[in-house]
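Asks: Please see the structure below; I have some questions.
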Amino acid sequence: MPYTSDDCLFCKIVAGAIPADVVHRDDHVVAFRDINPQAPTHILVIPTTHYENAAEVAADDPSGLAALVLTARTLAQAEGIDRSGYRLVTNTGADAGQTVFHAHLHLLGARHLTWPPG
Ligand code: 5GP
Ligand code: ZN
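Just so you know, our numbering puts the end of the sequence shown at 126, numbered straight through with nothing missing.
See the structure below:
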């Protein structure tokens, strides 16, 4: 079930209890710059409701997952990287390197991104 977790770092950012460089906020989505950027543009796009990962958002609130992707597209346009290209990453679980268990899209761009990822 979705909830707001008192122990969740990103819930605290949504609540404003922990500062972040917020670039977008509406009732459903918050986006802020990653504290350890891996590209010149590295923004985290998250639902305001707590879900553990993107699949949980998709299962419980499909339009909420779409809102994350569409917000990422709008931010890519604002960053001037929608034409040059950008990558959306959603790590799920330990092997993928997920460290914060509140669903998030990484919006990465403004440099050439290699493939395959590490
Ligand atoms: P994950 O590894 O779970 O896919 O991504 C978590 C991301 O959150 C990492 O890229 C990490 O740099 C970022 N992060 C962790 N703590 C903070 C924080 O306090 N503020 C911000 N802005 N980003 C954070
Ligand atoms: Zn949370």
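Even glycine gets a Cβ: it sits at the ideal position worked out from N, Cα and C.
1. List the whole-angstrom C-beta distance separating L73 from A62, where the pair is believed to meet the contact cut-off of C-beta under 8 Å.
2. Rounded to a whole number of angstroms, what is the C-alpha to C-alpha distance between L8 and D29?
3. By a C-beta neighbour count over all protein chains shown, 10 Å radius and 16 as the cutoff for buried, is G126 buried or exposed?
4. Using the rule of at least 16 other Cβ atoms within 10 Å of the residue's Cβ for burial, across every protein chain shown, is D111 buried or exposed?
5. What are the start and end residues of the beta strand (DSSP E) that includes I51?
6. Looking only at its chain, what residues have a beta carbon closer than 8 Å to the beta carbon of S165, apart from the 5 residues adjacent to it on each side?
7. Since V31 is in the beta strand (DSSP E), which residue starts that stretch and which ends it?
8. Could you please go through the chain and list the residues whose beta-carbon is closer than 6 Å to any non-hydrogen atom of the ligand ZN?
9. Between L115, D69, Q46, which lies nearest to H36 when the distance is taken from Cα to Cα?
10. Quick one: give me the first and last residue of the alpha helix (DSSP H) that A66 is part of.
Replies: Reading it off the structure:
1. Here residue 73 corresponds to residue number 65 of the sequence shown, with the count starting at 1. Here residue 62 corresponds to residue number 54 of the sequence shown, with the count starting at 1. Sure, about 6 Å apart at Cβ, within 8 Å.
2. Nothing about residue 8 can be reported from this structure: the residues present for the chain run from 9 to 126 only.
3. Reading the sequence shown from its first residue, position 118 is the one you call residue 126. Exposed: under 16 other Cβ atoms inside 10 Å.
4. For the purposes of this step, residue 111 is identified with residue 103 of the sequence shown, where counting begins at 1. Note that residue 111 is Ala in the sequence shown here, rather than Asp. Burial call: buried.
5. Walking along the sequence shown from the start, residue 51 turns up at place 43. Counting along the chain, the unbroken beta strand (DSSP E) around I51 starts and ends at 49-55.
6. Nothing can be reported for residue 165, as the shown portion of the chain is limited to 9 through 126.
7. For the purposes of this step, residue 31 is taken as residue 23 along the sequence shown, with counting starting at 1. If you look at V31, you'll find it in the beta strand (DSSP E) that goes 30-33.
8. Listed by chain position, these are S13, C16, F18, C19, H58, H110.
9. Looking up residue 36 in the sequence shown gives position 28. Just measuring C-alpha positions, the residue of L115, D69, Q46 sitting nearest H36 is D69.
10. Reading the sequence shown from its first residue, position 58 is the one you call residue 66. That run of the alpha helix (DSSP H) goes 62-68.
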